[in-house]
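Trainee: Here you go, one structure.
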Amino acid sequence: MPTALPRILRRTSTILIMTAATLALVATTAGAAPAHSFAVAATTPVGAAPAQIAVSPDGAAAYVSNAGGNSVSVVDTTTAAVTSTIPVGEAPSGIAVTPNGSTVYAVNATSKTVSVIETATNTVTGSIPITGVLPYGISVSADGAHAYVPTGDAISVIDTATNTISATIPVGSFPILTATNSTHLYVTNTGDYTVSVIDTATNTVVATIPVTAAGRPAAVTATDQAVYVRSGAEVFVIDTATNTVNTRFPVKGTLGGAAVTGDGNTLYVIDSEGGAVAVFDTATNTEIAYVPVGAITGGVTVSPDGNKAYVTSSNDTVTTITRGGTNEACTGSLCLPIPGR
1 MPTALPRILR RTSTILIMTA ATLALVATTA GAAPAHSFAV AATTPVGAAP AQIAVSPDGA
61 AAYVSNAGGN SVSVVDTTTA AVTSTIPVGE APSGIAVTPN GSTVYAVNAT SKTVSVIETA
121 TNTVTGSIPI TGVLPYGISV SADGAHAYVP TGDAISVIDT ATNTISATIP VGSFPILTAT
181 NSTHLYVTNT GDYTVSVIDT ATNTVVATIP VTAAGRPAAV TATDQAVYVR SGAEVFVIDT
241 ATNTVNTRFP VKGTLGGAAV TGDGNTLYVI DSEGGAVAVF DTATNTEIAY VPVGAITGGV
301 TVSPDGNKAY VTSSNDTVTT ITRGGTNEAC TGSLCLPIPG R
């Protein structure tokens, strides 16, 4: 064999090995930032004036509070069809599911009650009176032991074992919405432009965070690492380790909810005026998609696996938005399959 040939083979082998190593490195390191696509997958008619929506822990059912219909619609998330309509109190708004999936709590703003719904039978098994001004939102603690309803200048704490008010926690002025992560409750106080942070183990306020903007803080959504507060045409990002705002960024519109996926990668922010949902990459806080849904939108939530978002609209529907493309890892313009996906 000529002496030049082994040299060429050695060079070719080296190039191939380097290329394979580079591709393997890209496939491994880029997995943290998957490329996603977003699309409307279904539109489901529900009750009159749907307000908020919550999804069961297994992702099989979505529960929609119909403020104008005094009911809760149960949507099969596989078929996008309503399987049950449950009468509740007047003007239901906030809605939440316990972590074990057995109970749904619906806040009736006009009735000043919380309807307790047993999910096994989709029937109301109790009604909890709420005192104070305009109860609207509700969240359940990660352990399922308590549900939290903002009203007046306080949080009413529901003991889910007895379905009675077990405590009242003073917060800021005119609290409206709440969100929980594994250890804390976050409350938007629209009257004084703050967020109250409550330790759910002790039911005590451990921090009060200013979120001053042109609009009032309303929608809030949280992971264990970050809290996102929608205040008018801005979103404030709170670091949960320090309870301080580490950044803020503009969004389209001034009204509507917000929801972050459990993996923390994707944030949905409603553009109520535009009848659409803006989608953000939380690594850069940049908009990566804008999904029109054809009507004024309000509430939004995400499935436990993060691959679906559900949006309530003024045309008495719920829109399902899918997040796809998680089988690719991208760095710059290069997209590669992630092994095993």
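With our numbering, letter number 43 in the sequence shown gets 43, and the count goes up by one each step, no holes. Yeah, the Cβ is synthetic: ideal placement off N, Cα and C, and Gly gets one too.
1) Of the choices G257, T221, G253, whose alpha-carbon is the least far from that of G264?
2) Would you check if the segment 285-295 and the segment 35-43 touch, i.e. whether three or more CB-CB distances between them fall below 8 Å?
3) Could you check the C-alpha separation between S343 and D76 for me, to the nearest Å?
4) Can you tell me whether S173 is buried or exposed, with buried defined as 16 or more other CB within 10 angstroms of its CB?
5) With 16 as the cutoff for other CB atoms within 10 Å, does S93 come out buried or exposed?
6) May I ask whether a heavy atom of the ligand ZN can be found less than 6 Å away from the beta carbon of I321?
7) With 16 as the cutoff for other CB atoms within 10 Å, does V269 come out buried or exposed?
8) Give me, in chain order, the residues of the same chain whose beta-carbon lies closer than 8 Å to that of N163; leave out the 5 immediate sequence neighbours on both sides.
9) How about V211 and V229: do their beta carbons lie closer than 7 Å?
10) Terminal residues of the continuous beta strand (DSSP E) containing Q52?
11) Out of curiosity, what's the CA-to-CA distance linking D192 and A213?
12) By the DSSP assignment, the beta strand (DSSP E) with G298 in it spans what residues?
13) If you reduce the DSSP assignment to three classes, tell me which class T85 lands in.
14) Sort out for me which residues DSSP pairs K112 with in a bridge.
15) Among G325, G69, A51, which one has its Cα closest to the Cα of V88?
16) Let me know the secondary structure DSSP gives Y70 once reduced to three states.
17) Helix, strand or coil: which one does DSSP assign to E118?
18) Can you check whether the CB of G324 is closer than 7 Å to the CB of T261?
19) Do G59 and S303 come within 7 Å of each other at the CB atom, strictly closer than that value?
20) Roughly how many whole angstroms lie between the Cα atoms of V407 and A96?
21) Quick one: what's E287 bridged to in DSSP?
22) Would you grab the beta carbon distance between T188 and V197 for me? Rounded to a whole angstrom, and I think it's under 8 Å.
23) Report the three-state DSSP secondary structure of S231 (helix, strand or coil).
24) Looking only at C-alpha atoms, which of V237, T85, G232, N203 sits nearest to N285?
25) Between the Cα of T208 and those of H184, T223, L267, E90, spot the shortest distance and give me the residue it belongs to.
26) Just grab the DSSP bridge partners of V104 for me.
27) In whole angstroms, what separates the C-alpha of P50 from that of V104?
28) Around the Cβ of A81, are there at least 16 other Cβ atoms within 10 angstroms (buried) or fewer (exposed)?
29) My output table needs one value for T29: the three-state DSSP class, helix, strand or coil.
30) By the three-class DSSP mapping on this structure, what secondary structure does I130 have?
31) Quick test of your reading: D224 and T240, contact by CB under 8 Å. State the CB separation rounded to the nearest angstrom.
32) Below 8 Å on the Cβ atoms is my contact criterion, and I expect A283 with A258 to pass it. Report the Cβ-Cβ distance as a whole number of Å.
33) How many whole angstroms separate the CB atoms of A54 and V74, which I take to be in contact at a CB cut-off of 8 Å?
34) Can you tell me the Cα-Cα spacing of T160 and P99, whole angstroms?
35) Have a look at Y148 and K112 and give me their C-alpha separation to the nearest angstrom.
36) Given this structure, state the Cα-to-Cα distance separating V124 from E118, to the nearest angstrom.
Mentor: Taking the definition as stated:
1) Looking at the Cα atoms, T221 is the closest of the given residues.
2) Three or more beta-carbon pairs drawn from the segment 35-43 and the segment 285-295 are found closer than 8 Å, and the two stretches are therefore classed as touching.
3) This structure leaves residue 343 out entirely; the chain is present only between 1 and 341.
4) Classification of S173: exposed, given that the 10 Å Cβ count is below 16.
5) Under this definition S93 is a buried residue.
6) In terms of ligand content, the structure shown is empty, and the ligand ZN therefore cannot be addressed.
7) Residue environment for V269: buried (at least 16 other C-beta atoms within 10 angstroms of its C-beta).
8) If you ignore the 5 residues before and after N163, its C-beta comes within less than 8 Å of the C-beta of V116, G126, I128, all in its own chain and listed in chain order.
9) Less than 7 Å separates the beta-carbon of V211 from that of V229.
10) Q52 -> beta strand (DSSP E) spans 50-55.
11) The alpha-carbon atoms of D192 and A213 are separated by roughly 11 Å.
12) Note, G298: beta strand (DSSP E), 297-302.
13) Correct three-state label for T85: strand.
14) Partner(s): none; K112 has no beta bridge.
15) Distances from the alpha-carbon of V88 to those of G325, G69, A51 put G69 closest.
16) Checking the displayed sequence, the identity of residue 70 turns out to be Asn instead of Tyr. It is coil, neither helix nor strand.
17) If DSSP states are grouped into helix, strand and coil, E118 belongs with the strands.
18) Result no, Cβ atoms of T261 and G324 do not sit closer than 7 Å.
19) Closer than 7 Å, so yes.
20) Absent from the structure is residue 407, since the part of the chain shown begins at 1 and ends at 341.
21) DSSP output for E287 lists F280 as bridge partner(s).
22) The C-beta distance from T188 to V197 rounds to 11 Å, too long to meet the 8 Å contact threshold.
23) Here S231 sits in strand by DSSP.
24) For the set V237, T85, G232, N203, the Cα lying nearest the Cα of N285 is the one of V237.
25) Nearest of H184, T223, L267, E90 to T208, Cα basis: H184.
26) V104 has V97, I117 as its beta-bridge partners, per DSSP.
27) It is roughly 16 Å from the alpha-carbon of P50 to the alpha-carbon of V104.
28) Counting Cβ neighbours within 10 Å, A81 comes out exposed, since fewer than 16 surround it.
29) Residue placement at T29 is poorly supported in this model, since its pLDDT is 32, which falls under 50; the coordinates still yield a value, given next. Secondary structure at T29: helix, using DSSP grouped into helix, strand and coil.
30) Note: I130 maps to coil in three-state DSSP.
31) Confirmed, Cβ separation roughly 6 Å.
32) In this structure, A283 and A258 do not form a Cβ contact; the two beta carbons are roughly 17 Å apart against a cut-off of 8 Å.
33) Taking a contact as a CB-CB distance under 8 Å, the pair A54 and V74 does not count as one, their CB atoms being some 11 Å apart.
34) Between T160 and P99, the alpha-carbon positions lie close to 11 Å from each other.
35) Answer to the nearest angstrom: the Cα atoms are 14 Å apart.
36) C-alpha separation (whole angstroms): 6 Å.
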